[in-house]
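Below is one structure; the comments refer to it alone.
Protein chains: 2
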Amino acid sequence: MSFIGKLFKQSTTVAMMGGLVFMVPYWWVEAGGSVGHDGMVLTFLWIALILIFAKMSGLIERLGQPSVLGELMVGVLLGNLALLGVNVFEPIKTDIYIMFMAELGVVILLFQIGLESNVKEMTRVGLTAFLVAIAGVVVPFLLGAYLIGPFLLPGLDTNTYLFLGATLTATSVGVTARVFKDMGFLHSKESQIVLGAAVIDDILGLIILAVVTAIVLVGGITLTEVTFIFFKAVFFLGSAIILGKILAPYIGNVFSFISRGVGMKFALAFSVGLVFAYLAHLMGMAPIIGAFAGGLILDDVTFKRFRKPEFCDELEDIKNHTSQKTKIEVEKVIDHYEHKHVEDLLQPVGQLFVPVFFVFTGMSVDLTTFADTAIILTAIGLTLVAIFGKLVSGFVAGKGYNKWVIGFGMVPRGEVGLIFATIGLGLGVVTDGVFSVIIMMVIITTLVTPPVLAFLFRHSKVS
Amino acid sequence: MSFIGKLFKQSTTVAMMGGLVFMVPYWWVEAGGSVGHDGMVLTFLWIALILIFAKMSGLIERLGQPSVLGELMVGVLLGNLALLGVNVFEPIKTDIYIMFMAELGVVILLFQIGLESNVKEMTRVGLTAFLVAIAGVVVPFLLGAYLIGPFLLPGLDTNTYLFLGATLTATSVGVTARVFKDMGFLHSKESQIVLGAAVIDDILGLIILAVVTAIVLVGGITLTEVTFIFFKAVFFLGSAIILGKILAPYIGNVFSFISRGVGMKFALAFSVGLVFAYLAHLMGMAPIIGAFAGGLILDDVTFKRFRKPEFCDELEDIKNHTSQKTKIEVEKVIDHYEHKHVEDLLQPVGQLFVPVFFVFTGMSVDLTTFADTAIILTAIGLTLVAIFGKLVSGFVAGKGYNKWVIGFGMVPRGEVGLIFATIGLGLGVVTDGVFSVIIMMVIITTLVTPPVLAFLFRHSKVS
Numbered sequence: 001m002s003f004i005g006k007l008f009k010q011s012t013t014v015a016m017m018g019g020l021v022f023m024v025p026y027w028w029v030e031a032g033g034s035v036g037h038d039g040m041v042l043t044f045l046w047i048a049l050i051l052i053f054a055k056m057s058g059l060i061e062r063l064g065q066p067s068v069l070g071e072l073m074v075g076v077l078l079g080n081l082a083l084l085g086v087n088v089f090e091p092i093k094t095d096i097y098i099m100f101m102a103e104l105g106v107v108i109l110l111f112q113i114g115l116e117s118n119v120k121e122m123t124r125v126g127l128t129a130f131l132v133a134i135a136g137v138v139v140p141f142l143l144g145a146y147l148i149g150p151f152l153l154p155g156l157d158t159n160t161y162l163f164l165g166a167t168l169t170a171t172s173v174g175v176t177a178r179v180f181k182d183m184g185f186l187h188s189k190e191s192q193i194v195l196g197a198a199v200i201d202d203i204l205g206l207i208i209l210a211v212v213t214a215i216v217l218v219g220g221i222t223l224t225e226v227t228f229i230f231f232k233a234v235f236f237l238g239s240a241i242i243l244g245k246i247l248a249p250y251i252g253n254v255f256s257f258i259s260r261g262v263g264m265k266f267a268l269a270f271s272v273g274l275v276f277a278y279l280a281h282l283m284g285m286a287p288i289i290g291a292f293a294g295g296l297i298l299d300d301v302t303f304k305r306f307r308k309p310e311f312c313d314e315l316e317d318i319k320n321h322t323s324q325k326t327k328i329e330v331e332k333v334i335d336h337y338e339h340k341h342v343e344d345l346l347q348p349v350g351q352l353f354v355p356v357f358f359v360f361t362g363m364s365v366d367l368t369t370f371a372d373t374a375i376i377l378t379a380i381g382l383t384l385v386a387i388f389g390k391l392v393s394g395f396v397a398g399k400g401y402n403k404w405v406i407g408f409g410m411v412p413r414g415e416v417g418l419i420f421a422t423i424g425l426g427l428g429v430v431t432d433g434v435f436s437v438i439i440m441m442v443i444i445t446t447l448v449t450p451p452v453l454a455f456l457f458r459h460s461k462v463s
Numbered sequence: 464m465s466f467i468g469k470l471f472k473q474s475t476t477v478a479m480m481g482g483l484v485f486m487v488p489y490w491w492v493e494a495g496g497s498v499g500h501d502g503m504v505l506t507f508l509w510i511a512l513i514l515i516f517a518k519m520s521g522l523i524e525r526l527g528q529p530s531v532l533g534e535l536m537v538g539v540l541l542g543n544l545a546l547l548g549v550n551v552f553e554p555i556k557t558d559i560y561i562m563f564m565a566e567l568g569v570v571i572l573l574f575q576i577g578l579e580s581n582v583k584e585m586t587r588v589g590l591t592a593f594l595v596a597i598a599g600v601v602v603p604f605l606l607g608a609y610l611i612g613p614f615l616l617p618g619l620d621t622n623t624y625l626f627l628g629a630t631l632t633a634t635s636v637g638v639t640a641r642v643f644k645d646m647g648f649l650h651s652k653e654s655q656i657v658l659g660a661a662v663i664d665d666i667l668g669l670i671i672l673a674v675v676t677a678i679v680l681v682g683g684i685t686l687t688e689v690t691f692i693f694f695k696a697v698f699f700l701g702s703a704i705i706l707g708k709i710l711a712p713y714i715g716n717v718f719s720f721i722s723r724g725v726g727m728k729f730a731l732a733f734s735v736g737l738v739f740a741y742l743a744h745l746m747g748m749a750p751i752i753g754a755f756a757g758g759l760i761l762d763d764v765t766f767k768r769f770r771k772p773e774f775c776d777e778l779e780d781i782k783n784h785t786s787q788k789t790k791i792e793v794e795k796v797i798d799h800y801e802h803k804h805v806e807d808l809l810q811p812v813g814q815l816f817v818p819v820f821f822v823f824t825g826m827s828v829d830l831t832t833f834a835d836t837a838i839i840l841t842a843i844g845l846t847l848v849a850i851f852g853k854l855v856s857g858f859v860a861g862k863g864y865n866k867w868v869i870g871f872g873m874v875p876r877g878e879v880g881l882i883f884a885t886i887g888l889g890l891g892v893v894t895d896g897v898f899s900v901i902i903m904m905v906i907i908t909t910l911v912t913p914p915v916l917a918f919l920f921r922h923s924k925v926s
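Protein sequence lines, in the order shown, are assigned to chains A and B. In terms of the numbering used here, the first sequence is numbered consecutively and its last residue is 463. In terms of the numbering used here, the second sequence is numbered consecutively and its last residue is 926.
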């Protein structure tokens with residue numbers, strides 16, 4: 001009956017062109033492609049695999065490691081099985097729906113972390129976070145551009161060293177935030193400082209990129225231009241947080257007139273995160289920074305007119321005809337779960353999307369990059385500088401904080417470092433060799449942070 | 464500073480080609496495209512809009528209508544605002560990530576409905592469901608192919624009438640299932656019958672499509688071929704459900720050794736749904752049928768070793784030092800929420816994805832199709848036959864059931880009807896005019912079902 005199979009294939013295409021794209025024949029066409037309906041159904045399988053593998057990797061928690069390390073390692077494994085001739089997972093790397101879920105995953109993670117944080121706690125450590133951010137940008141840049149760059153990679157163009165320095169300034173907060181969350185230290189002062197510094201670093205990153213790009217292209221940039229970039233970002237973030245904080249309760253009230261239900265509560269919260277992610281992107285910042293800010297402005301007051309978790313109704317009933325002591329305890333349970341209802345609603349969504357991000361990140365690690373000894377040695381040198389530069393920023397935090405935790409929290413370069421390198425590649429100032437070295441530095445800083453932070457949490461005091 | 468903007472655009476492309484697609488510059492590139500990182504961030508905005516509009520449309524519940532009708536209508540509105548010159552929502556229609564979320568949404572919906580159903584209840588109405596399914600296929604087919612087709616659209620090829628009849632046999636269970644769920648009748652016998660009949664219809668649909676396609680192409684099909692298609696589908700579904708039912712508890716136990724946590728519980732359940740959706744697709748069936756079967760095999764036993772909802776621990780504490788009466792009540796609450804824990808975990812995920820499906824379905828309704836009076840009249844005639852044909856199937860159900868609810872539950876043709884039409888178009892037997900008429904029939908049957916079912920639920924007895 002292959003004639004039927006062929007036909008269906010054919011008619012799929014026809015249908016796609018008919019403008020009725022969504023309604024069409026994934027139905028009886030065999031799986032295979034990576035875009036279109038076949039691809040969608042195949043993606044369902046990938047999601048299931050990623051979820052199960054990610055949760056299995058949670059075994060690493062029994063070794064005292066944060067589960068994010070397990071997810072990254074599962075990703076590295078899946079992404080490099082092709083080296084052993086197992087190609088079955090390769091399509092995941094180019095699956096656009098998985099990419100989308102990964103992107104949304106890290107946005108949801110930072111939104112969740114924003115929800116669990118609050119503006120007051122953040123502003124209390126604001127100045128420290130600012131100093132940490134500045135030091136974490138200046139020291140790595142100077143070391144990279146003027147010391148270790150010319151030393152490790154002699155004979156290259158000055159602009160190349162500039163980009164290398166710029167790459168070292170980046171802070172990618174996803175991994176660190178997840179480690180803090182995994183290990184229950186999200187409310188430590190150190191965590192607040194790192195999160196705050198990461199937000200500030202994102203703004204500084206915009207400026208650095210503009211400056212080095214301008215130097216490469218036209219030899220320089222005016223102070224007015226730098227100031228404009230700076231104020232645009234600061235103004236956006238500041239006004240978004242202040243306005244959001246003021247308006248959130250009113251928005252909550254307005255929507256509660258339409259529905260006080262849990263569905264609306266969830267939709268409203270989630271939408272705020274997404275809209276902020278989008279606005280940040282429009283302002284030239286990372287969507288995750290916007291999502292974090294969106295989470296920050298939402299609190300109990302926003303949702304005070306919405307329904308409590310369902311089981312609270314039943315507990316209210318019980319509360320009303322029991323002893324005084326039990327009544328107080330039941331009330332405590334109700335209050336506790338009402339307080340964190342939005343966070344609880346987001347948890348399953350996070351459990352679906354967030355592992356996709358970390359497994360996918362792990363998958364983008366190409367172990368063959370580590371085959372060349374000369375490049376490896378250079379990369380190790382660069383990585384040490386990358387770590388040292390950010391550790392210095394931890395020491396800027398001053399007394400009363402665990403400097404090592406702050407310093408190492410700033411270490412992962414993640415996607416932000418790669419963006420710098422990629423733009424440098426596009427400008428022709430970053431060579432292929434330098435690009436490889438940078439990628440390795442990004443990989444190592446990302447993979448090394450979770451176990452080091454876990455070690456620090458166990459063996460030193462964190463406030 | 465437009466030179467910087469231009470540069471970033473340029474380097475985005477470079478980065479995309481570098482194989483590091485995911486890690487790259489959505490960061491500082493302006494929004495605009497519909498694929499790639501810009502598109503992803505723009506999609507975040509669409510998701511937020513869809514969620515908020517969908518929840519706002521929930522106001523329709525105050526008129527006694529199921530909320531799915533509101534979501535469909537919001538979709539129709541957003542999808543046709545271009546007629547009034549408002550083009551801003553047009554990109555949603557071709558946003559591949561939104562399409563993916565819609566696909567996943569209806570899969571999640573049917574998985575949720577499978578979770579809430581159980582095999583025993585289903586088999587109890589099995590024979591009735593089978594009779595309903597058969598009647599709901601035979602009557603519309605005969606009416607469409609031999610009576611109303613030649614009458615309403617005279618002078619066309621016999622094969623065209625065959626395809627028209629085939630189109631009328633389809634049952635699209637998404638809309639009906641959602642109405643049953645919205646209005647709290649998911650456990651009624653009528654609901655079980657319609658769900659069962661929809662599963663059987665999916666198998667019959669495979670056969671009908673194979674037969675009519677073969678007639679068009681080679682003039683006929685052998686009984687062996689028909690039997691093969693039939694048994695492949697029946698064998699898959701049957702063995703999946705039986706094997707799944709037997710193995711589920713063991714799978715649950717194995718994974719509980721790795722982690723008893725809520726994260727694993729969620730991942731395991733969700734993965735079963737996705738894997739079954741994929742397997743159904745491999746067998747040539749609709750993924751939603753697989754997802755439904757996946758939900759059906761999971762029950763309390765599968766998850767008995769996993770952790771209860773978090774608040775249950777606190778309630779256990781309270782239970783242990785209170786009066787006997789309160790103790791019993793608290794226990795009831797614990798049991799109730801432990802029982803439906805997996806469903807509760809899936810709820811926020813459903814709240815995120817399911818509205819995307821219905822709003823998107825609504826958006827694919829093109830109101831301009833209704834501009835031609837002659838076509839409209841033909842479409843209305845066809846729609847009446849479509850409704851009448853399925854109502855007959857309700858009357859086959861026999862005594863003790865609400866025949867009207869069953870009949871109308873079978874009415875929506877949705878995507879399944881369109882698939883038939885599209886394949887006919889690809890074969891050249893369905894003309895553009897016939898295609899328009901079919902689309903209108905699909906639209907009307909989909910939009911008319913929710914209010915009619917709501918009316919029936921309020922004004923007649925449902926068991």
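Even glycine gets a Cβ: it sits at the ideal position worked out from N, Cα and C. Fair warning: this is a prediction, and the values are worked out from it, not measured in the lab.
Can you tell which of the options has its C-alpha closest to the C-alpha of residue i?
i	options	result
Ile-203(A)	Val-137(A), Met-441(A), Thr-224(A), Lys-181(A)	Val-137(A)
Ser-363(A)	Asp-95(A), Met-56(A), Pro-66(A)	Ser is not the amino acid found at residue 363(A); the sequence shown has Met there. Per the Cα distances, Asp-95(A).
Val-570(B)	Ile-839(B), Ala-849(B), Leu-809(B)	Leu-809(B)
Thr-449(A)	Lys-308(A), Ile-438(A), Val-173(A)	Val-173(A)
Gly-433(A)	Thr-43(A), Ile-215(A), Pro-154(A)	Pro-154(A)
Ala-640(B)	Ala-633(B), Ala-629(B), Ser-654(B)	Ser-654(B)
Leu-152(A)	Leu-115(A), Val-385(A), Ile-288(A)	Val-385(A)
Using 10 angstroms around the beta-carbon of residue i, count the other beta-carbons present and answer buried if the total reaches 16, otherwise exposed.
i	result
Lys-265(A)	buried
His-281(A)	buried
Ala-240(A)	buried
Gln-787(B)	exposed
Asn-87(A)	exposed
Asn-320(A)	exposed
Leu-427(A)	buried
Ala-754(B)	buried
Tyr-560(B)	buried
How big is the Cα-Cα spacing for residue i and residue j?
i	j	result
Val-175(A)	Met-410(A)	10 Å
Tyr-337(A)	Asp-776(B)	13 Å
Ser-923(B)	Asn-865(B)	8 Å
Leu-627(B)	Gly-612(B)	7 Å
Lys-764(B)	Gly-758(B)	The question names Lys, but residue 764(B) in the sequence shown is Val. So the two alpha carbons sit approximately 13 Å from each other.
Phe-195(A)	Gly-726(B)	The residue you asked about is not Phe; residue 195(A) is Leu in the sequence shown. Cα to Cα, Leu-195(A) sits roughly 25 Å from Gly-726(B).
Leu-298(A)	Gly-252(A)	9 Å
Glu-779(B)	Ile-113(A)	29 Å
Thr-885(B)	Gly-70(A)	46 Å
Phe-858(B)	Ile-663(B)	17 Å
Pro-914(B)	Ile-510(B)	26 Å
Gly-682(B)	Phe-563(B)	37 Å
Pick helix, strand or coil for residue i, following the three-state DSSP scheme.
i	result
His-650(B)	coil
Val-430(A)	coil
Pro-772(B)	coil
Asp-552(B)	The sequence shown places Phe at residue 552(B), rather than the Asp named in the question. If DSSP states are grouped into helix, strand and coil, Phe-552(B) belongs with coil.
Does chain C have any CB closer than 8 Å to the CB of residue i?
i	result
His-281(A)	This model lacks chain C altogether; the protein chains it does include are A and B.
ask   = Are at least three pairs of beta-carbons, each pair with one atom in the stretch 355-375 of chain A and one in the stretch 116-130 of chain A, less than 8 Å apart?
value = Judged by Cβ distances under 8 Å, the stretch 355-375 of chain A makes no contact with the stretch 116-130 of chain A, as fewer than three pairs qualify.
message = If contact is defined by three or more beta carbon pairs under 8 Å, each pair taking one atom from either stretch, is the stretch 346-356 of chain A in contact with the stretch 370-378 of chain A?
response = Taking one beta carbon from each stretch, the stretch 370-378 of chain A and the stretch 346-356 of chain A have fewer than 3 pairs nearer than 8 Å; the two do not touch.
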